[in-house]
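For the sequence shown, the tail end lands on 718 under my numbering, and the numbers increase by one without skipping.
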Amino acid sequence: MPRNLLVGPLVAAVLALLGGMPAKAEEAGTLLLRHGNGAPVAAPRLAADAAITVSGPTARATITQAFRNTTSDWVEGTYLFPLPEDAAVDAMRLVVGDRVIVADIREREAARRDYEAARAEGKAAALVEQQRPNLFTNAVANIGPGETVLVQIQYQQGVRRSGDTYSLRLPTVAAPRYNPAPPAVQEAAGGRPAADPVPDRDAITAPVLDPARHAPVNPLTLSIDLKAGFPLGRVESATHAIAVEASSERERRIALRDGATAANRDFELTWTPAPGTSPGLGLFREHVAGADAVLAVVTPPVSTAQAAALPRDVIFVIDNSGSMGGTSIRQAKASLLVGLDRLRPGDRFNVIRFDDTMETVFPDLVTADEAHLTQAKSFVAGLEARGGTEMLAPLKAALRDADPEETGRVRQVVFLTDGAIGDEGRIFSAIAEGRGRTRLFMVGIGSAPNGHLMRHAAELGRGTVTLIGSVDQVADWMRELLAKLESPVVTDLAATFSEPAEATPTALPDLYRGEPVTIAARLREARGTLTLTGRIGGRPWRTVLDLSQAEDGAGIGKVWARARIGEAETARITGRMTPEAADAAILRLALDHGLTTRLTSLVAIDATPRRPAGARLARTDLPLNLPAGWDFEAVFGTDQPRTPGPAPILRKAALTPTAAGSIALPQTATDFELRLMLGAGLLGLALLLRGRRVAP
Numbered sequence: 023m024p025r026n027l028l029v030g031p032l033v034a035a036v037l038a039l040l041g042g043m044p045a046k047a048e049e050a051g052t053l054l055l056r057h058g059n060g061a062p063v064a065a066p067r068l069a070a071d072a073a074i075t076v077s078g079p080t081a082r083a084t085i086t087q088a089f090r091n092t093t094s095d096w097v098e099g100t101y102l103f104p105l106p107e108d109a110a111v112d113a114m115r116l117v118v119g120d121r122v123i124v125a126d127i128r129e130r131e132a133a134r135r136d137y138e139a140a141r142a143e144g145k146a147a148a149l150v151e152q153q154r155p156n157l158f159t160n161a162v163a164n165i166g167p168g169e170t171v172l173v174q175i176q177y178q179q180g181v182r183r184s185g186d187t188y189s190l191r192l193p194t195v196a197a198p199r200y201n202p203a204p205p206a207v208q209e210a211a212g213g214r215p216a217a218d219p220v221p222d223r224d225a226i227t228a229p230v231l232d233p234a235r236h237a238p239v240n241p242l243t244l245s246i247d248l249k250a251g252f253p254l255g256r257v258e259s260a261t262h263a264i265a266v267e268a269s270s271e272r273e274r275r276i277a278l279r280d281g282a283t284a285a286n287r288d289f290e291l292t293w294t295p296a297p298g299t300s301p302g303l304g305l306f307r308e309h310v311a312g313a314d315a316v317l318a319v320v321t322p323p324v325s326t327a328q329a330a331a332l333p334r335d336v337i338f339v340i341d342n343s344g345s346m347g348g349t350s351i352r353q354a355k356a357s358l359l360v361g362l363d364r365l366r367p368g369d370r371f372n373v374i375r376f377d378d379t380m381e382t383v384f385p386d387l388v389t390a391d392e393a394h395l396t397q398a399k400s401f402v403a404g405l406e407a408r409g410g411t412e413m414l415a416p417l418k419a420a421l422r423d424a425d426p427e428e429t430g431r432v433r434q435v436v437f438l439t440d441g442a443i444g445d446e447g448r449i450f451s452a453i454a455e456g457r458g459r460t461r462l463f464m465v466g467i468g469s470a471p472n473g474h475l476m477r478h479a480a481e482l483g484r485g486t487v488t489l490i491g492s493v494d495q496v497a498d499w500m501r502e503l504l505a506k507l508e509s510p511v512v513t514d515l516a517a518t519f520s521e522p523a524e525a526t527p528t529a530l531p532d533l534y535r536g537e538p539v540t541i542a543a544r545l546r547e548a549r550g551t552l553t554l555t556g557r558i559g560g561r562p563w564r565t566v567l568d569l570s571q572a573e574d575g576a577g578i579g580k581v582w583a584r585a586r587i588g589e590a591e592t593a594r595i596t597g598r599m600t601p602e603a604a605d606a607a608i609l610r611l612a613l614d615h616g617l618t619t620r621l622t623s624l625v626a627i628d629a630t631p632r633r634p635a636g637a638r639l640a641r642t643d644l645p646l647n648l649p650a651g652w653d654f655e656a657v658f659g660t661d662q663p664r665t666p667g668p669a670p671i672l673r674k675a676a677l678t679p680t681a682a683g684s685i686a687l688p689q690t691a692t693d694f695e696l697r698l699m700l701g702a703g704l705l706g707l708a709l710l711l712r713g714r715r716v717a718p
């Protein structure tokens, strides 16, 4: 089929979704951004579609972003967007009219130079850069007047499993992040400036709309082809209303019930086996690049041994910063109260709260008796969201262990936050340096938690992560987490391959009830055995897997490479690898497997200049929605203009404590959302007709 026939229906439907081209920049919900002292510039409009295919243990996603220029200027648009923290981003296509430009993976600086040169020459170009493992920017240059261009991004990820529940999560909005201020003092040694805790603060900051004054933007449509590999039971979403169509006992097709949704909360899908069905051992392989990639997902049996439960020292840390305003602080407080109620006689505890200050309820650990619990609950009940998110000091305080040689008590930290910070590296380093015997359990709060921070902090802290998206989930998810805290862990885990293999993780973590052992490896050929050993409830446990019996899987090579890259990043942060050695390993893996990383980017450049010589190129940052449930004033302050007019400057005092910290706030009319939603059905239909593919 000709390319224009494949692309045409999508473009037409996107135009309907985007509401058509207004006659004037001031009309029909145009988003205006003021840059410096210049005149307001109309931002491109954005619509997105996510098409995901789940094949057993992995998922392949195609994200199509449509940028619509509603002005008479040539425009460059930059969009900050999230992806799953384990996403292996490996492909991009730029579609301009009937032209399809396939992206190349290049070293980051080279890709940036090539993009900037193409932009200056008037060529259509797109650049995808990783700012964090779960946060990316997409820059699209030379969008013509009245034109729509499409950027199609693809990635591979693993499906998560806990017990008999499988899950897939798609972030849809990059939440505003608190960036600690650069040091104002010089280092004593040599008089050099201290390092900026967030050197890329500009790259991870975008305009944010106040939902009280602006209709949602960036509508998203979504469909999932679920091929579980076993008879399915429940298929549901706790975050969105969905429609589920049964193709067979093992397959489901899922779509958003309302056709389109505002990009302001994470989407999560969960599924379970049919009653009476127990999926076999999760062992899969893929032959790629002359070798076999293997993925093993094995859930150890639940111990029946009645091991004596050791008394616990539990430190609860709760984030009450401005980003936790609205429903998030209510979720966090409810979660902490559930945790306090589950403490047992003999346990000790303390509570730490933080914003840009910190406070502890008690000077030291206290016994979990009625008087102390009542005092702690009263303290929690009075918390309000305000100020910045200075996470480092309370984390270090919680990890500080007065008796690191103690063996008769279990020491645990339960950390409740949305993770909306930009200095993740400092947090990871502090955990690696100070964890000692402590186990760190991260509880992600709200509609758009920072999954990269949550999962990596829990991995480094040898604990688990729990994501709570609504107050309705608090009781169930906290009960499950606290059962893990109270249950004997699977310890001394080890994996041994009978054949030479590059396996990840190299050091297996402790496991908690219902959690699987997940190992990815690359071998010359999937043969021989994988032996897993450990101790459950104090008793030895061992299982042997025959690799030749592995089922065929898709995308396992990408999952393995992404996991190896993550392990190299961790080794760099914790000092197990020098920065030079880690960067060399990451760059080799990224280039060999075509992945976007901290050191590599995807760039697509058309060969022919299209912007006329001398024509002005307006540069704009596309605005984001505030995550659902957040309180705009608690995050950004109350000194915002309330009258219509040119785009006001938004002072981010609550997010970045510097006088220079400001971003432009878009303006929009209130009928924009209606026009977006009216076109949503047409977009979904067009995507279905084109078979979710763009011709190569």
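Quick reminder that beta carbons are idealized off the backbone N, C-alpha and C, glycines included. All of these numbers come straight from a predicted model, not from anything done at the bench.
Collapsed DSSP secondary structure at residue i in the structure displayed
i: F376; result: strand
i: M114; result: strand
i: L530; result: coil
i: M464; result: strand
i: I351; result: helix
i: E502; result: helix
i: R448; result: helix
i: W96; result: strand
i: H615; result: helix
i: S343; result: coil
i: F654; result: helix
i: L475; result: helix
i: E602; result: helix
i: E521; result: coil
i: I74; result: strand
i: L417; result: helix
Supposed contact pair residue j and residue i - C-beta distance, whole angstroms, cut 8 Å
i: V162; j: V171; result: 6 Å
i: G485; j: F463; result: 4 Å
i: A529; j: I541; result: So it is not a contact: roughly 11 Å between Cβ atoms.
i: M500; j: V360; result: 4 Å
i: Q174; j: G577; result: Q174 to G577, Cβ: 17 Å. No contact.
i: P322; j: L533; result: 7 Å
i: V465; j: T488; result: 5 Å
i: S469; j: R287; result: 4 Å
i: H319; j: R183; result: Checking the displayed sequence, the identity of residue 319 turns out to be Val instead of His. That belief holds up - the Cβ atoms of V319 and R183 are roughly 6 Å apart, short of 8 Å.
Straight-line gap, residue i to residue j (C-alpha atoms, nearest Å)
i: E273; j: A606; result: 41 Å
i: L648; j: P198; result: 8 Å
i: D112; j: P367; result: 52 Å
i: G281; j: P241; result: 10 Å
i: P679; j: T411; result: For P679, the pLDDT reaches just 40, beneath the cut-off of 50, and the residue's location in the model is therefore unreliable, although a value from the coordinates is still provided. Cα-Cα distance, rounded: 10 Å.
i: S570; j: V316; result: 10 Å
i: V257; j: L192; result: 16 Å
i: L554; j: G409; result: 47 Å
i: E508; j: R544; result: 36 Å
i: W652; j: N201; result: 18 Å
i: A637; j: W96; result: 7 Å
i: E589; j: G348; result: 36 Å
i: G579; j: D108; result: 13 Å
i: V76; j: R422; result: 42 Å
i: F338; j: E271; result: 43 Å
i: P531; j: A146; result: 47 Å
Classification of residue i by the beta-carbon crowding that lies within 10 angstroms, buried from 16 upward
i: V124; result: exposed
i: E428; result: exposed
i: G404; result: exposed
i: V436; result: buried
i: G312; result: exposed
i: S623; result: buried
i: S357; result: buried
i: T630; result: exposed
i: V657; result: buried
i: T243; result: buried
Which residues DSSP lists as bridging residue i, in chain order
i: G458; result: Per DSSP, none; premise fails for G458.
i: V512; result: L533, I558
i: R275; result: D247, E267
i: G180; result: T80
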